[in-house]
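FYI, in our numbering the residues of the sequence shown are 144 to 337. From the three backbone atoms N, C-alpha and C, an ideal C-beta is built for every residue, glycine too. Note that the structure is predicted; figures quoted are calculated from it, not measured.
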Amino acid sequence: MDPERLTLACATALEQEAGERAGLATSLVGLRGVNGLPQGRLVSFGLAGALREDLPCGTVLDGVRVVDPDGRVLWQGEPLGIPDAVLATILAAPEVVDDPAERRRLAEATGADAVDLESGPIAETGRLAGCLRVVSDTPARGLSGICSAVKPEGPVSWTGLAVGFARSPLGFTRAAADGKRALRVLHRAAEALA
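Dropping the structure here:
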């Protein structure tokens, strides 16, 4: 696959930065693609939540299938060829999934390995070329309110950061550290795609 003909579709500004630092074309599409999706072939690029216990934070996922919450296949294709990545099925969720029991239920019901909010809308365009995701949270290491730290359009929400930290200082700090580590891995994976 020719990376020069692909655009990395990123939900957050931090994910976009990871792709840009690797020298790849990016577009900030926002959570669930609220900013709109660019033309051309797209890679769903960013962080994802593991649905399985055996996918720890920092695991690189090379998506070969995207399914909806009913298990219906929205897209299926060849892997991007990222070295040492786990070939994965991505669940296209309409909202954040953080409850451990719900993660397990969705994994069993759909066969998905991880969940994100953007792969579904991208798949529905018919222009999805692949998914490059890195696990940032797991059933055992949840989000602890860190989702409030991102505005729907993708930039950091400083108010959301403060609120999330105030609600669960320890959990929020741990989730932030996991996210930061996952973003470093995401950048390295993007370099492999370049």
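Rounded Cβ spacing between S311 and D259 (contact assumed at less than 8 Å): The Cβ separation is near 22 Å, so there is no contact.
Tell me which residues share the same chain as A283 and place their Cβ nearer than 8 Å to its Cβ, disregarding the 5 neighbours each side in the sequence. E196, P243
DSSP three-state label for T202, please. coil
Quick one: what's V150 bridged to in DSSP? Per the sequence shown, residue 150 should be read as Thr rather than Val. L185, per the DSSP bridge assignment.
In three-state DSSP terms, what is A325? helix
Give the straight-line distance between the Cα atoms of S170 and L313, rounded to the nearest whole angstrom. 33 Å
Mind the definition here: the region 289 to 309 touches the region 200 to 219 only if three or more C-beta pairs lie below 8 Å; say whether that holds. Contact between the region 289 to 309 and the region 200 to 219 is absent: fewer than 3 CB-CB pairs across the two stretches fall below 8 Å.
Just confirm the distance between the C-beta atoms of I225 and C274, as a whole number of angstroms; I'd bet it's less than 8 Å. About 10 Å separates the two Cβ atoms, so there is no contact after all.
Does DSSP put V177 in a helix, a strand or coil? coil
How many Å lie between G179 and R270 at the Cα? 13 Å
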